[in-house]
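Peer 1: The sequence shown finishes on residue 257 if you use this note's numbering, and the numbering steps up by one all the way, no holes.
What follows is a structure written as structure tokens; I'll ask about it next.
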Amino acid sequence: MKEIIKQNADLEKIVLDVAEIAQYLWQNGWAERNAGNISVNINDIIRGHEFNDLSEFPIFQLNKSYIELSSKYFFVTGTGKRMRDIAKSPMKNAIIIRISEDGNSYTLISRYKSDTYEFRPTSELPTHLGIHQMIAQRGTNEKVIIHTHANELVALTHNPEFKNTDTINTVLWGMHPEAMVFVPKGVGFVPYIMPGTEEIAQATIIELKHHDIALWEKHGVFAIGETVFDTFDSIDIISKSAKIYFMCKSAGFTPEGLDSKQLYDLKELIKNFS
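Right under this line is the structure:
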């Protein structure tokens, strides 16, 4: 596997980018123990000859069919793997998978054939694949999905006042202009559902059809983007909004926030650059 990555400069760059972002997630305190996961659609940069013979690698069934992802390749972090370890040794803690032609299973391609059966993609794989399928269906260019436990954003969801999409976006957009400029579709709120289930995958997909980020109640966020860095930046910017909100509350006052006219003017400004 290392040889294949070294021979494919585009793939090597993605692996190194994921490692760098994994370090940021850990440094920000958003990745306790094995928290968080990342997936990247790498189909456009995989050369046909790199994985000619997949018969020696095991196949795992999926609970549903992802037909739009047929025969596509993904770089995915492993279940139980720590972001700080992904940062140091990405290919010891992440994997390449290939979805089958019928979309019902995936082949797991490991560093070593001998450890293939002991390695699995993230437990949130159903949510990742569901989001990638939604992106394929609508024909947009997002390639990256990041799930992380951004502290201040999770904290907001413990306040009953913010358990709806409209209120939470009013607060987050209102804290500083960049939140509206760089996360114009805002955050979609997902009420608490058991992680790793098809139910939370479907709820997340619904929100990401209309928003840049899906915020899981009392858990974390899922964000999509065209590059690893763009995706991280969306979370970072909107998390800073939540941090500013709590800083103001800790100082003893409720933040004023941008008013409706200021937010409207920002939306109009965005239109000029879209």
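Just so you know, even glycine gets a beta-carbon here, dropped at the ideal spot from N, CA and C.
The model shown is predicted, which means the values in this text are computed figures rather than measured ones.
Among Leu52, Lys226, Ile28, which one has its Cα closest to the Cα of Pro109?
Peer 2: For the purposes of this step, residue 109 is identified with residue 126 of the sequence shown, where counting begins at 1. When each option's Cα is compared against that of Pro109, the closest is Leu52.
Peer 1: Would you say Met158 and Ser233 are within 8 Å of each other, going by their C-beta atoms?
Peer 2: The sequence position of residue 158 within the sequence shown is 175, counting from 1. The sequence position of residue 233 within the sequence shown is 250, counting from 1. No, the Cβ-Cβ distance between Met158 and Ser233 is not below 8 Å.
Peer 1: I'd like the list of long-range same chain contacts for Thr180, defined as Cβ closer than 8 Å, with 5 residues on each side in sequence excluded.
Peer 2: Here residue 180 corresponds to residue number 197 of the sequence shown, with the count starting at 1. For Thr180, where only same-chain residues beyond five positions count, the Cβ hits under 8 Å are Pro109.
Peer 1: What is the DSSP secondary structure of Trp199, counted as helix, strand or coil?
Peer 2: In the sequence shown, residue 199 corresponds to position 216, counting from 1. Three-state DSSP puts Trp199 in a strand.
Peer 1: Counting along the chain, where does the beta strand (DSSP E) carrying Phe212 start and finish?
Peer 2: Stepping through the sequence shown from its first residue, residue 212 is reached at position 229. Here Phe212 belongs to no beta strand (DSSP E); instead the alpha helix (DSSP H) covers 211 to 233.
Peer 1: Please state whether the Cβ-Cβ distance between Thr131 and Gly19 is less than 8 Å.
Peer 2: On the sequence shown, position 148 is the one that residue 131 refers to. On the sequence shown, position 36 is the one that residue 19 refers to. Going by C-beta atoms, Thr131 is nearer than 8 Å to Gly19.
Peer 1: Between the region 102 to 120 and the region 166 to 177, do at least 3 Cβ pairs fall closer than 8 Å?
Peer 2: Too few Cβ pairs lie closer than 8 Å, so no.
Peer 1: If you run the structure through DSSP and keep just helix, strand and coil, what is Ser243?
Peer 2: In the sequence shown, counting from the first residue as 1, residue 243 sits at position 260. Of the three classes helix, strand and coil, the one that applies to Ser243 here is helix, per DSSP.
Peer 1: Can you have a look at Gly12 and say buried or exposed, based on whether 16 or more other CB atoms are within 10 angstroms of its CB?
Peer 2: The count along the sequence shown starts at 1 and reaches residue 12 at position 29. Exposed is the call here.
Peer 1: Taking only the alpha-carbon atoms, compute the straight-line gap between Glu125 and Ser22 and give it to the nearest angstrom.
Peer 2: The residue labelled residue 125 in the question sits at position 142 within the sequence shown. The residue labelled residue 22 in the question sits at position 39 within the sequence shown. Distance between the alpha carbons of Glu125 and Ser22 is about 11 Å.
Peer 1: When you compare each of Arg16, Asp27, Phe236, Trp9 to Leu(-6) by their alpha carbons, which one comes out closest?
Peer 2: The residue labelled residue -6 in the question sits at position 11 within the sequence shown. When each option's Cα is compared against that of Leu(-6), the closest is Asp27.
Peer 1: What residues in its chain sit with their C-beta under 8 Å from that of Ser83, if we drop five residues either side in the sequence?
Peer 2: In the sequence shown, the residue the question calls residue 83 occupies position 100. Cβ neighbours of Ser83 beyond the five flanking positions: Ile42, Ser53, Ser54, Tyr89, Thr90.
Peer 1: Just the Cα atoms here: how many angstroms apart are Asp195 and Lys168?
Peer 2: If you number the sequence shown from 1, residue 195 lands on position 212. If you number the sequence shown from 1, residue 168 lands on position 185. C-alpha separation (whole angstroms): 5 Å.
Peer 1: Is Leu198 buried or exposed, if buried means 16 or more other CB atoms sit within 10 Å of its CB?
Peer 2: For the purposes of this step, residue 198 is taken as residue 215 along the sequence shown, with counting starting at 1. Result: buried.
Peer 1: If Ala133 and Gly208 are in contact, beta carbons under 8 Å, what's the gap, nearest whole angstrom?
Peer 2: To locate residue 133, count along the sequence shown from 1; it is residue 150. To locate residue 208, count along the sequence shown from 1; it is residue 225. 15 Å between Cβ atoms; not a contact.
Peer 1: So, for Thr150: in the same chain, excluding its five sequence neighbours on each side, which residues have a beta-carbon less than 8 Å away from its beta-carbon?
Peer 2: As a position in the sequence shown, residue 150 is number 167, starting the count at 1. Closer than 8 Å at Cβ, skipping near neighbours: Glu144.
Peer 1: Helix, strand or coil for Pro104 per DSSP?
Peer 2: Counting from one through the sequence shown, the residue named residue 104 turns up at place 121. Of the three classes helix, strand and coil, the one that applies to Pro104 here is strand, per DSSP.
Peer 1: Can you list, in chain order, the residues of its chain with a C-beta nearer than 8 Å to that of Ile(-12)? Leave out the 5 residues immediately preceding and following it.
Peer 2: Here residue -12 refers to the residue found at position 5 when the sequence shown is read from its first residue. Same-chain partners within the cutoff: Leu(-6), Glu(-5), Val(-2), Met74.
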